[in-house]
Amino acid sequence: MGVFNKRKIALGVIAAISSGPVLAASDSNDTIVVTTASGFQQKIEDAPASISVVSREQLETKAYRDVTDALKDVPGVLITGGGSSSDISIRGMSSKYTMILVDGKRIDTRNTRPNSDGSGIEQGWLPPLAAIERIEVIRGPMSSLYGSDAMGGVINVITRKAQKEWKTSFRADTTLTERKNSGNSHQSSIYAAGPIIDGLLGLKVHGLYSHRNEDKFIGGFNKQEMRNGSATFSLTPDEQNTFDFVAGRYEQDRDSTIGKTRECTPKSCDDNVNRYKRNNYSITHNGNYDFGTINTYIQRDESSNPGRDMKYNETVG
């Protein structure tokens, strides 16, 4: 795959290995079902909000690199910054009023970053595209359901479910800049899912490594490195109940070097080194019964910013 423009040359390679048949693209007349607008499944036309969906088919057929890249085509969504500092804003609101969810569970590590320093950090906790089923985007205030941090809108990343047959995919891409002073970037990810015990226990895992070289001019983009991995065990004791057990580890490094992107001043002449870490654990129960559906979960989030000696742990459910 090659993309050429005035600023950069992008080179990518995608390899996919599947132990089962490739699923056909969904028909354009299929009903789109969403969950983010009201907290339960409903047709998109019945949702009480302005909502857009980036489908699995779009993620597979377009040359998106990550979730931020995929959201550039969504009306009302603005991607600010670039390089290692991309942020997501909805309808002109500050990015801190865009709530980010994964499978309906909140991601928020801003408490370990005073003054919300470190643009683009929240997006670094998201799964790779290969692990995503769809992305639901709500434009406009959702404070009544998600709190004041959702004044701009909500982005809910819905991950894929383990299927009856094992499927594995690997993706790698490289972006080479035409300007010698701008940093190149490389990213690779893997996703695998399938049954451990047919009809009872399934497993899905994903991992990502991303690296962007530091620019070589004052005020440029920092060096960025991201490493993350997650595993989900899905237990289905009967047709009505599913239990998901999730454990994930995520790390991000952001470095700014004197003489490259950082200028030596009388007040400071040291490199700026930032490390961000996050551990995530959750147990989710989904029940589909004659009288309706039930969704309950408990989640433990542990985030830290070692450079500032800050930690924030939260358990919600």
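Residue numbers (mature numbering (1 follows the signal peptide of the UniProt record, and there is no 0)): -24 to -1, 1 to 293.
C-beta: ideal position from N, C-alpha, C; glycine also.
Return the chain-ordered list of same chain residues with a C-beta closer than 6 angstroms to the C-beta of residue i, the five sequence neighbours on each side being excluded.
{"i": "G96", "result": "S61, S62 and D63"}
{"i": "V30", "result": "A46 and I111"}
{"i": "S164", "result": "A148 and Y185"}
{"i": "R276", "result": "Y257 and T291"}
{"i": "A207", "result": "V181 and A223"}
{"i": "N204", "result": "L184 and Y226"}
{"i": "Q228", "result": "G100, M202 and Y252"}
{"i": "G196", "result": "T237"}
{"i": "R230", "result": "N198, Q200 and N250"}
To which residues of the same chain is residue i closer than 7 angstroms at the C-beta, ignoring the five residues directly before and after it?
{"i": "V130", "result": "T12, M75, L77, I114, M118 and Y122"}
{"i": "L54", "result": "S65"}
{"i": "A107", "result": "T135, R136, Y167 and H182"}
{"i": "K81", "result": "S258, Y273 and Q275"}
{"i": "P51", "result": "S28"}
{"i": "G57", "result": "D63, S95 and G96"}
{"i": "G116", "result": "A25, S26, R67 and G129"}
For residue i and residue j, which I take to be in contact (beta-carbon distance under 8 angstroms), what is that distance rounded to the nearest angstrom?
{"i": "K143", "j": "A169", "result": "6 angstroms"}
{"i": "N250", "j": "G224", "result": "Going by Cβ atoms, the distance from N250 to G224 rounds to 20 angstroms, so no, they are not a contact pair."}
{"i": "E201", "j": "K236", "result": "Their Cβ separation, rounded to whole angstroms, is 15 angstroms, which puts E201 and K236 out of contact at 8 angstroms."}
{"i": "S233", "j": "D247", "result": "The residue asked about is misnamed: residue 233 is Thr in this sequence, not Ser. Indeed they touch by this definition, with Cβ atoms about 5 angstroms apart."}
{"i": "T291", "j": "I274", "result": "7 angstroms"}
{"i": "Y226", "j": "R254", "result": "4 angstroms"}
{"i": "L105", "j": "L35", "result": "5 angstroms"}
{"i": "L179", "j": "A138", "result": "6 angstroms"}
Give the range of the beta strand (DSSP E) segment to which residue i is assigned.
{"i": "D45", "result": "From DSSP, D45 is part of no beta strand (DSSP E) but of the alpha helix (DSSP H) over V43 to A46."}
{"i": "T208", "result": "K199 to L211"}
{"i": "T135", "result": "G129 to T135"}
{"i": "Q99", "result": "That residue, Q99, is in no beta strand (DSSP E); it is neither H nor E in DSSP."}
{"i": "T151", "result": "K143 to T153"}
{"i": "A169", "result": "S161 to I173"}
{"i": "L184", "result": "L177 to R188"}
{"i": "G268", "result": "G268 to N281"}
{"i": "I259", "result": "N248 to Y265"}
{"i": "I66", "result": "D63 to I66"}
{"i": "R238", "result": "Careful: R238 lies outside any beta strand (DSSP E) and carries neither H nor E."}
{"i": "T74", "result": "T74 to V78"}
{"i": "V50", "result": "Counting along the chain, V50 falls outside any beta strand (DSSP E), and DSSP gives it neither H nor E."}
{"i": "M286", "result": "M286 to V292"}
{"i": "I194", "result": "Neither: I194 is in no beta strand (DSSP E) and is coded neither H nor E."}
{"i": "I8", "result": "Element bounds for I8: n/a, residue is neither H nor E."}
{"i": "K81", "result": "K81 to I83"}
{"i": "R86", "result": "That residue, R86, is in no beta strand (DSSP E); it is neither H nor E in DSSP."}
Tell me where the alpha helix (DSSP H) around residue i begins and ends.
{"i": "Q228", "result": "Element bounds for Q228: not the alpha helix (DSSP H) but the beta strand (DSSP E), N217 to S232."}
{"i": "T37", "result": "R32 to T37"}
On the CB-based measure, 16 or more other CB atoms within 10 Å of its CB, does residue i come out buried or exposed?
{"i": "K156", "result": "exposed"}
{"i": "I172", "result": "exposed"}
{"i": "residue 344", "result": "Outside the modelled stretch of the chain, which goes from -24 to 293, sits residue 344, for which no answer is possible."}
{"i": "D49", "result": "exposed"}
{"i": "K140", "result": "exposed"}
{"i": "N281", "result": "buried"}
{"i": "D285", "result": "exposed"}
{"i": "F(-21)", "result": "Unreliable positioning characterises F(-21) in this predicted model, as indicated by a pLDDT of 32, which lies under 50. The coordinate reading is nonetheless provided below. Exposed."}
{"i": "Y265", "result": "exposed"}
{"i": "E154", "result": "exposed"}
{"i": "D42", "result": "buried"}
{"i": "D79", "result": "buried"}
{"i": "K243", "result": "exposed"}
{"i": "A39", "result": "exposed"}
{"i": "T241", "result": "exposed"}
{"i": "S124", "result": "exposed"}
{"i": "residue 294", "result": "Absent from the model: residue 294. The displayed extent of the chain is -24 to 293, so no value can be given."}
{"i": "S158", "result": "buried"}
Excluding the 5 residues flanking residue i on each side, which residues of the same chain have their C-beta closer than 8 angstroms to its C-beta?
{"i": "S4", "result": "Model confidence at S4 stands at a pLDDT of 42, short of 50, so the residue's coordinates are unreliable; what they give is reported in the following sentence. Closer than 8 angstroms at the Cβ level, and outside the excluded window around S4, lies no residue."}
{"i": "R238", "result": "I194, S232, D247 and N248"}
{"i": "G293", "result": "T272, Y273, I274 and Q275"}
{"i": "V(-3)", "result": "Its pLDDT being 32, under 50, V(-3) is placed unreliably by the model, and nothing is read from it."}
{"i": "T44", "result": "I55, S62, I64, G96 and Q99"}
{"i": "C245", "result": "I234"}
Review point. At a cut of 8 angstroms, does the segment 207 to 223 reach the segment 245 to 265 through at least three beta carbon pairs?
Key: Yes, since at least three Cβ pairs between the segment 207 to 223 and the segment 245 to 265 fall closer than 8 angstroms, the two stretches touch.
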